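Start counting the sequence shown at 1; every next residue gets the next number (my numbering). The beta carbon of each residue, even a glycine, is placed where N, CA and C say it ideally should be. A quick note: this is a predicted structure, and the numbers were derived from the prediction, not measured.
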Amino acid sequence: MEDSVAAAQEAASKTPFDLIGGADVVRTIVDRFYDLMDEEPAYARLRALHASDLAPMRSSLSGFLNAWLGGPRDWFAEHPGVCVMSAHARIAVDQETAEQWADAMRRAIYESPVDANLGARMSEALTSMAQGMIKRAAA
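Shown next as structure tokens:
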């Protein structure tokens, strides 16, 4: 009985970062996301919003997701006062590009070794984040 309680407490104390497998799995997701964006014509408008060299974005998104999932918070230390919304404030995100981003991320997560339930929750939250970046027309 004590062993099962201890195991339950240990599992409950793990972050999503721990549960998905840490930084290596996050990087796998991010690399697949940017590969999809770079290779699939369905993501052409999204790709056009980015610089030709995606290496800095791969590094930055990996760092952000590590922290967002409860892992190392280096990204926030390196970008004080920046949130994901302010980081994208100058980018013309519309419904189509937000949907492209969410779809590519969903595919990258589902193609990774992440538990299906956790992957679905991650995808849902990240889709909401992408939708929140859509630029609203001035009233």
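Taking just the CA atoms, how far does residue j sit from residue i?
| i | j | result |
| --- | --- | --- |
| residue 96 | residue 85 | 17 angstroms |
| residue 55 | residue 38 | 12 angstroms |
| residue 71 | residue 23 | 8 angstroms |
| residue 27 | residue 58 | 8 angstroms |
| residue 65 | residue 18 | 12 angstroms |
| residue 78 | residue 16 | 22 angstroms |
| residue 88 | residue 111 | 26 angstroms |
| residue 50 | residue 75 | 20 angstroms |
| residue 118 | residue 73 | 20 angstroms |
| residue 63 | residue 48 | 22 angstroms |
| residue 81 | residue 41 | 35 angstroms |
| residue 67 | residue 127 | 17 angstroms |
| residue 46 | residue 94 | 10 angstroms |
| residue 83 | residue 69 | 14 angstroms |
| residue 44 | residue 31 | 17 angstroms |
| residue 13 | residue 25 | 19 angstroms |
| residue 113 | residue 135 | 33 angstroms |
Assuming residue i and residue j make a contact with CB atoms under 8 angstroms, what is their CB distance in whole Å?
| i | j | result |
| --- | --- | --- |
| residue 92 | residue 33 | The Cβ separation is near 20 angstroms, so there is no contact. |
| residue 98 | residue 122 | The Cβ separation is near 16 angstroms, so there is no contact. |
| residue 108 | residue 61 | Contact doesn't hold; Cβ gap of about 10 angstroms is too wide. |
| residue 102 | residue 125 | At roughly 10 angstroms, the Cβ-Cβ gap does not stay under 8 angstroms, so residue 102 and residue 125 are not in contact. |
Considering residue i, what are the terminal residues of the alpha helix (DSSP H) in which it resides?
| i | result |
| --- | --- |
| residue 94 | Run containing residue 94: none; DSSP gives neither H nor E here. |
| residue 123 | 116-132 |
| residue 78 | 74-78 |
Going by DSSP in three states, residue i sits in which element: helix, strand or coil?
| i | result |
| --- | --- |
| residue 85 | helix |
| residue 63 | helix |
| residue 113 | coil |
| residue 107 | helix |
| residue 55 | helix |
Subject >> Start-end ranges of the alpha helix (DSSP H) lying completely within the region 17-49, minimum 4 residues >> reply: Fully enclosed alpha helix (DSSP H) runs of 4 or longer: 23-39, 44-48.
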